[in-house]
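Written below as structure tokens is the structure these notes are about.
Chains as they are written, first to last, in my numbering: chain R, 1 to 502; chain Y, 503 to 769.
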């Protein structure tokens, strides 16, 4: 241990390189450590300026970043710079600079450390980051491709379902005397319904992922939405013998929302509650106003959710949901769809459960207000329409014929066509009041057919209905522009047709 | 999004004429805080951050728009429309001097005389033109930037901001000064140092003061002379300063040169 009073040559032989420069960077002193590291003698270095020691890239960084910082805050720390050895090779260094008054003059004290190993590690880190970014890009590319594939798949699966559904309605209407036929029809109807439901969910979830779902927002009242959802879910709840209670706040709560989508969300949650609660359970719905939000809680005393699944349960194709669903037949997308739709509304959805066997609660929170607004009527009531002359145009023969038969059974006079040319020619002779027109026809697109029909003398007052597989906004805009009065999405439902023809 | 929020526009001072201060590559409007206040008694002053720098809205950084200096020039015209009364006296440092020149060519009626602090229309050497840099030099800069922004993405304040002796300054500066997203900084560096606007120089529609430092790595004297030679109504003033930021290291000499120019311009 040296004597405290003895001078220690800490500057000259410090374990780091040390420099003293004026504010312009002219080197005034340099210690032996740095001289040795850089291959200089004292005389060499004293004639130079600090930036001269740096590579050009580091010099530019020094000028554009370090000088302003030094001027503003008098010091910089932990700056990584490449420093040039006298023989030309570069040394990665870490640099601290502080400005301090020495006598009458402000000088810069510079400490430098070689960080060769650390530099290698940083290079690794940067390389890994770049690789990670590439991998992420590839993954999201694959994810997009998957979403597109699913959307196409769901779309293609929907087409055959439409005529199947129509034929079932026809068979049911025929009321065949054989009792086993009714049993068969019930099964087929349920299964086709279930399949339609799955395909719709799949289509919906992939469209949310692709950002293609557009909300049709309007002012709507919470109570009306809740009631509609409960009505839709009631058959499932009652079939399972659950008791159901509902509490909705007295003061109206208004939402700027797409009522169809919100009903879908709540119905989905109620169906889940019914599905995952053993026969004869209890389901409760509480809707109200909390912290300036519309809050809907759906509780059951069913099988519950394990704590570590509570957040993952909303992930698309989550294994949790799949496992829960497997017994019931499902894709594990119901809750992902719920979350997607709620988030599109700017809301949140949360799952709560005390654990397996302790029931669950799903909480939906949505932006809302309590100001009184004029209510928009929900879907119009269905009823029997007056008989009309209807032309059905679609390139899928099964669809055309089944729709035609359904409409005929409701008393309409129906003709069919499978391409645009035929449709126009046929309409000239037939003089339809209504044309249901597929947009994707083999010879010309439906918009052209619509414009041609509107040009005919009988076409002015025609009720023109576009039917497409994709209910997108741009399709609707194009349909309106071509002269269509309505736009429907496949598969056509009897309710849609009744609404338009009513 | 408002222009104010996008560019973190700060208005101060009062006067019949408006001075607009634009920072260069590597920093933000704080660069002007030694100089701008001196003008607030006579002028209305506008300071702002280029999108991607300082307190600007990083979400507004559209790599396509800012893939050339014209994107920034368009922003400046929008800021003038919203915040200035009448033509502005534009004071641009480094790359912003070029951006100001491009904006003045696009919309001459919104500008008066300009002050270009350490300008360069082209940083890369090209034949007889000595911009001062080669392409590998710029790659070296990008590499240095990458290394010094390592901490950014983990939400640590970049280490370069450390101010060990002045923690009270450190807080403020750590959060605002020279800080930006590394990907944006990298792109901005590339756009800045690979830009070539030599062909625009003769189109400058207004008088300009070229404030040249005697010893500036980023904008060497050859570049100042090139600009003076090709810009119709330019005044070249060389001030004795080592470095690229005379407004920080030689604020009074810079202010004197500007004031002389303003007198010449009758301002």
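For glycine and all other residues, C-beta sits at the position ideal for the given N, C-alpha and C.
Within its chain, find whatever has a CB closer than 7 angstroms to the CB of residue i; leave out the 5 residues flanking it on each side and keep chain order.
i, result
"residue 264/R", "341"
"residue 378/R", "Its pLDDT being 38, under 50, residue 378/R is placed unreliably in this model, and the coordinates cannot settle the point."
"residue 485/R", "463, 464, 465"
"residue 333/R", "201, 202, 205, 316, 317"
"residue 419/R", "395, 441, 442, 443"
"residue 274/R", "233, 236, 237, 240, 242, 283"
For residue i, collect the residues of the same chain with a Cβ closer than 6 angstroms to its Cβ; drop the 5 residues on either side in sequence, then sort them by chain order.
i, result
"residue 345/R", "257, 366"
"residue 49/R", "25, 26"
"residue 497/R", "none"
"residue 599/Y", "618, 621"
"residue 30/R", "19, 45"
Starting from residue i, find everything on chain Y with Cβ-Cβ shorter than 9 angstroms and list it in chain order.
i, result
"residue 57/R", "638, 639, 640, 641, 642, 643, 644, 645, 646, 647"
"residue 24/R", "717, 743, 744, 745, 751"
Counting only the same chain and skipping the five closest in sequence on each side, list residues whose C-beta sits under 8 angstroms from that of residue i.
i, result
"residue 712/Y", "618, 621, 726, 729, 730, 733, 736, 737, 738, 739"
"residue 503/R", "Outside the shown range of chain R, which is 1 to 502, sits residue 503/R, and nothing can be said about it."
"residue 751/Y", "743, 744, 745"
"residue 627/Y", "633, 634, 635, 636"
"residue 471/R", "The predicted position of residue 471/R is uncertain, since its pLDDT is 48 and thus under 50; a value taken from the coordinates is nonetheless stated next. So the list reads 487, 489, once near-sequence residues are dropped."
"residue 278/R", "302, 303"
"residue 723/Y", "714, 716, 740"
"residue 536/Y", "749, 750, 753"
"residue 196/R", "158, 161, 165, 491"
"residue 607/Y", "702, 705, 706, 707"
Given that residue i touches chain R, what residues does it touch there, using C-beta distances under 8 angstroms?
i, result
"residue 527/Y", "64"
"residue 750/Y", "67, 68, 71, 72"
"residue 720/Y", "60, 63, 64"
"residue 715/Y", "None at all; the shortest Cβ gap to chain R is about 10 angstroms."
Residues of chain R with a CB under 9 angstroms from the CB of residue i: which are they?
i, result
"residue 532/Y", "68, 72"
Distance check for residue j and residue i, CA to CA, integer angstroms please.
i, j, result
"residue 336/R", "residue 481/R", "35 angstroms"
"residue 62/R", "residue 79/R", "9 angstroms"
"residue 58/R", "residue 308/R", "50 angstroms"
"residue 294/R", "residue 247/R", "13 angstroms"
"residue 692/Y", "residue 553/Y", "15 angstroms"
"residue 81/R", "residue 19/R", "15 angstroms"
"residue 614/Y", "residue 709/Y", "8 angstroms"
"residue 56/R", "residue 748/Y", "20 angstroms"
"residue 70/R", "residue 109/R", "12 angstroms"
"residue 152/R", "residue 216/R", "23 angstroms"
"residue 425/R", "residue 461/R", "18 angstroms"
"residue 456/R", "residue 421/R", "14 angstroms"
"residue 556/Y", "residue 651/Y", "15 angstroms"
"residue 211/R", "residue 339/R", "14 angstroms"
"residue 165/R", "residue 189/R", "7 angstroms"
"residue 702/Y", "residue 611/Y", "17 angstroms"
"residue 593/Y", "residue 207/R", "50 angstroms"
"residue 214/R", "residue 505/Y", "29 angstroms"
"residue 761/Y", "residue 550/Y", "22 angstroms"
"residue 269/R", "residue 168/R", "28 angstroms"
"residue 756/Y", "residue 547/Y", "17 angstroms"
Quick one: which chain Y residues come within Cβ less than 7 angstroms of residue i?
i, result
"residue 81/R", "646"
"residue 126/R", "648"
If the cut is a Cβ gap below 8 angstroms, which residues of chain B does residue i touch?
i, result
"residue 635/Y", "The structure shown contains no chain B; the protein chains it does contain are R and Y."
Name the chain Y residues whose beta carbon is nearer than 8 angstroms to that of residue i?
i, result
"residue 51/R", "719"
Practice problem: For the stretch 92 to 100 of chain R and the stretch 68 to 77 of chain R, state whether three or more C-beta atom pairs, one from each stretch, are separated by less than 8 angstroms. | Solution: yes
Exercise. Taking 8 angstroms as the threshold, find out whether the stretch 231 to 242 of chain R comes into contact with the stretch 346 to 360 of chain R through three or more Cβ pairs.
Key: no
Exercise. Pick out the complete beta strand (DSSP E) segments inside the stretch 13 to 68 of chain R, 3 residues or longer, and give them in chain order.
Key: 17 to 22, 27 to 30
Quiz item: Would you say the stretch 432 to 439 of chain R touches the stretch 383 to 398 of chain R, given that touching needs at least three Cβ pairs under 8 angstroms?
Solution: yes
Quiz prompt | the stretch 517 to 536 of chain Y touching the stretch 585 to 597 of chain Y, judged by at least three CB pairs closer than 8 angstroms | solution = yes
Quiz item: Which runs of the beta strand (DSSP E), 3 residues or longer, sit entirely within the stretch 685 to 729 of chain Y?
Solution: 710 to 717
Quiz item: Does the stretch 116 to 128 of chain R come close enough to the stretch 151 to 158 of chain R to have 3 or more Cβ pairs within less than 8 angstroms?
Solution: no
Quiz item: For the stretch 174 to 184 of chain R against the stretch 113 to 123 of chain R, are there 3 or more C-beta pairs whose distance is under 8 angstroms?
Solution: no
Exercise. For the stretch 527 to 538 of chain Y and the stretch 566 to 585 of chain Y, state whether three or more C-beta atom pairs, one from each stretch, are separated by less than 8 angstroms.
Key: no
Self-check item: Ordered list of alpha helix (DSSP H) runs contained in the stretch 732 to 756 of chain Y, each at least 4 residues
Solution: 748 to 751
Exercise. Entirely within the stretch 65 to 123 of chain R and at least 3 residues each: give me those beta strand (DSSP E) ranges in chain order.
Key: 75 to 84, 90 to 102, 105 to 114
Quiz item: What beta strand (DSSP E) runs, 3 residues minimum, are completely inside the stretch 163 to 189 of chain R?
Solution: none
Exercise. Pick out the complete alpha helix (DSSP H) segments inside the stretch 554 to 621 of chain Y, 4 residues or longer, and give them in chain order.
Key: 571 to 585, 597 to 608
Quiz item: Fully enclosed by the stretch 385 to 448 of chain R, which beta strand (DSSP E) runs are 3 residues long or longer?
Solution: 389 to 393, 413 to 417, 434 to 438
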